[in-house]
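When we follow the working numbering, the leftmost residue of the sequence shown carries the number 10, and every step to the right adds one. Structure, as C-alpha cells:
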Amino acid sequence: MVEPASLNHFPNVPQTRAIRLPVLPEEEEKLAPPHPLDASDPYATDRDPDIRNLGRLLLRRDVRRAEDYFELADRCALKAWGNGGLQLSYIEKTLRAFQYVLFEPSAALAIEAFVRWTVAVALLYPTRENLAIALWAVAAAFPEEPERLLDQQQHLLDAWQGATLAPTLPEPTPETAAWT
Numbered sequence: 010m011v012e013p014a015s016l017n018h019f020p021n022v023p024q025t026r027a028i029r030l031p032v033l034p035e036e037e038e039k040l041a042p043p044h045p046l047d048a049s050d051p052y053a054t055d056r057d058p059d060i061r062n063l064g065r066l067l068l069r070r071d072v073r074r075a076e077d078y079f080e081l082a083d084r085c086a087l088k089a090w091g092n093g094g095l096q097l098s099y100i101e102k103t104l105r106a107f108q109y110v111l112f113e114p115s116a117a118l119a120i121e122a123f124v125r126w127t128v129a130v131a132l133l134y135p136t137r138e139n140l141a142i143a144l145w146a147v148a149a150a151f152p153e154e155p156e157r158l159l160d161q162q163q164h165l166l167d168a169w170q171g172a173t174l175a176p177t178l179p180e181p182t183p184e185t186a187a188w189t
C-alpha cells in the first residue's frame, strides 16, 4: 500500500484555507433535533466527525455561505487519497461542495486546482482505478463546459494505455470497510 507520508514527491492537496464564521449558539441548538436529511445527506452521514458535523450544520443554515462550503471542500479534499489510492467518494464530495457555491468566482478556480491535483496524483500512481477516478473528476468538474480541462483528459487517456493493474491491497478491516 502506498501512502503519501512515505512518498518523496507527493503533490500537496490544494486548499482554499477559507475561514468560516463561528457557529452561533442558536445554530448549536439546531443541531440537537434531527433534520429530515440527516440520514441521507452525504456530508451529514460521513464517517469523519468534522465533515459530518459541518454537513449537519449546513443542512440547518438558512443562507448558503461560500466560506462554509470551501471549508467543507478543503476537509473532503484532504481525504481524497487513502488506502493506497484516490478515493472517489471524497473527490465527489469535494467537487460537489465547490459546485454549491459556483456563484463565487474563486470556486471555479478551486475546482480546477483540485482536479489538476487529482490528475497529477493519478499520473504519479497510474493504476487503472486512479486513472478512472481522475478521468471521472475531469468529466464531473464542469459538466456545462466539456471542453474545459481537455488537456488533463488527454493526459489521462494517454496514461490509460500503459496503466498497470492495481496492486493487491490487504483485506479490509472494519475501519477501512466502513461506508463513507
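Idealized CB from N, CA, C, for every residue including glycine. Keep in mind the model is a prediction, meaning the values are calculated, not measured.
Just checking residue i against the ligand MG - is the residue's beta carbon closer than 7 Å to any of the ligand's heavy atoms?
| i | result |
| --- | --- |
| Trp126 | Because no ligand of any kind appears in the structure shown, any question about the ligand MG cannot be addressed here. |
Alpha helix (DSSP H) containing residue i: first to last residue?
| i | result |
| --- | --- |
| Glu156 | Where Glu156 is concerned, there is no enclosing alpha helix (DSSP H), given that its DSSP letter is neither H nor E. |
| Asp98 | Rather than Asp, the amino acid found at residue 98 in this sequence is Ser. Where Ser98 is concerned, the enclosing alpha helix (DSSP H) stretches over Leu97 to Tyr109. |
| Phe79 | Ala75 to Ala86 |
| Ile60 | Pro58 to Arg69 |
| Leu40 | Pro34 to Leu40 |
DSSP has residue i in a bridge; who is on the other side?
| i | result |
| --- | --- |
| Gly91 | Gly94 |
Excluding the 5 residues preceding and the 5 following residue i in the sequence, name in chain order all residues of the same chain whose CB lies nearer than 6 Å to its CB.
| i | result |
| --- | --- |
| Val110 | Ala75, Tyr78 and Ala116 |
| Leu63 | Leu81 |
Within its chain, find whatever has a CB closer than 7 Å to the CB of residue i; leave out the 5 residues flanking it on each side and keep chain order.
| i | result |
| --- | --- |
| Arg157 | Phe151 |
| Ala122 | Pro23 |
Relative to the C-alpha of residue i, which residue among the options is closest?
| i | options | result |
| --- | --- | --- |
| Gln132 | Leu87, Asp47, Gln170 and Cys85 | Per the sequence presented here, residue 132 reads as Leu, with Gln not at that position. It is Gln170. |
| Asp55 | Arg84, Glu154 and Ala122 | Arg84 |
| Asp47 | Arg69, Pro34 and Ala27 | Arg69 |
| Asp57 | Pro20, Asp160, Ala119 and Tyr99 | Tyr99 |
Keeping to the same chain, check which residues put their C-beta closer than 8 Å to that of residue i; ignore five residues upstream and five downstream.
| i | result |
| --- | --- |
| Lys61 | Rather than Lys, the amino acid found at residue 61 in this sequence is Arg. The residues are Tyr52, Ala53, Thr54 and Asp55. |
| Leu165 | Val128, Ala131, Leu132, Leu140, Ala143, Leu144 and Val147 |
*asked:* Tell me whether the stretch 75 to 83 and the stretch 110 to 127 touch, counting them as touching only if at least three CB pairs, one residue from each stretch, are closer than 8 Å.
replied: Here the stretch 75 to 83 makes contact with the stretch 110 to 127; the two share three or more CB pairs at distances below 8 Å.
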